[in-house]
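Sequential numbering of the sequence shown, starting at 516, is according to this note's numbering. For every residue, glycine included, the Cβ atom is placed at its ideal position computed from N, Cα and C.
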Amino acid sequence: MAASPATAGRRLGSRWTFCASRTVALPSTGTCSRTRRPAPAPSAACRCSAPRSPPDRRRPCVTDRVAKTPGPDHPITVEPNACRVVVRLGGKVIADTTRALTLRESDYPPVQYIPREDVDMTSLKRTNHGTYCPYKGDASYFSIPAGGERSVDAIWTYEAPYDAVVEIKDHLAFYPDRVDAIEQSAA
């Protein structure tokens with residue numbers, strides 16, 4: 516969950532925080548943070564020893580970050596999707612593939628991971644936003660400028676995923692509410 520100004524900085528049960536003006540806290544249960552976005556927080560509340568950095572050059576202060584392996588209490592599967600997957604925004608096709616991978620994780624909805632080469636990368640802009648999942652690793656984000664504020668950090672990718680999900684390397688996933696459609700049809 517994102518920190519409020521009153522609880523900014525290091526929190527009990529947190530796995531990592533951002534110094535400077537933003538904080539991300541992961542519950543000690545190890546749930547993924549891919550759907551959580553950091554909220555503004557004052558830097559004075561952070562008591563870690565990491566150097567302070569300006570908002571455009573945040574450095575994470577990592578505490579007790581342990582990679583977890585999927586298992587019966589947190590299953591993750593990655594399978595090829597036999598369908599054609601098309602992502603649209605503003606009447607434009609952003610991605611079109613017959614090589615998507617479907618990642619199913621615990622109780623989360625299935626996510627389509629699309630090979631980078633099947634995405635119009637010229638429509639995207641890399642952002643400084645990042646999250647961490649103890650099962651998949653560090654996620655990097657892209658925005659779709661044509662979508663305006665709605666499409667900020669609309670796409671995430673694990674560029675160096677943990678071994679349990681190595682198949683999603685060089686693939687991108689889209690938040691359904693930040694694009695117009697993620698369509699699946701017979702290939």
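Cβ of residue i within 8 angstroms of Cβ of residue j?
i	j	result
GLY662	ASP653	no
ARG761	PHE657	No answer is possible for residue 761: it lies beyond the span of the chain, which begins at 516 and ends at 702.
TYR623	ALA615	no
VAL602	ILE609	yes
ALA582	PRO649	yes
ALA696	TRP671	no
ILE659	LEU604	yes
THR584	ALA679	yes
SER621	PRO590	yes
GLU594	THR617	yes
TYR647	ARG580	yes
Report buried or exposed for residue i, applying the criterion of at least 16 other Cβ atoms within 10 angstroms of its Cβ.
i	result
ASN643	exposed
HIS686	buried
SER700	exposed
ASP668	buried
SER638	buried
SER666	buried
THR592	exposed
LYS607	exposed
PRO676	buried
VAL634	buried
VAL681	exposed
What residue does the beta strand (DSSP E) around residue i start on, and which one ends it?
i	result
HIS589	Looking at the DSSP string, HIS589 is not in any beta strand (DSSP E), and its letter there is neither H nor E.
TYR647	640 to 648
THR613	It is not in any beta strand (DSSP E) - THR613 carries neither H nor E in the DSSP assignment.
VAL672	The sequence as given places Thr at residue 672; Val does not occur at that position. 670 to 672 is the extent of the beta strand (DSSP E) around THR672.
GLU698	696 to 701
Per the DSSP calculation, residue i is bridged to which residue(s)?
i	result
LYS607	LEU604
ASP653	TYR647
ILE629	LEU687
PRO681	The question names Pro, yet the displayed sequence has Val at residue 681. Paired residue(s): none; VAL681 is not in a bridge.
VAL634	ALA610
GLU620	ILE591
SER658	LYS640
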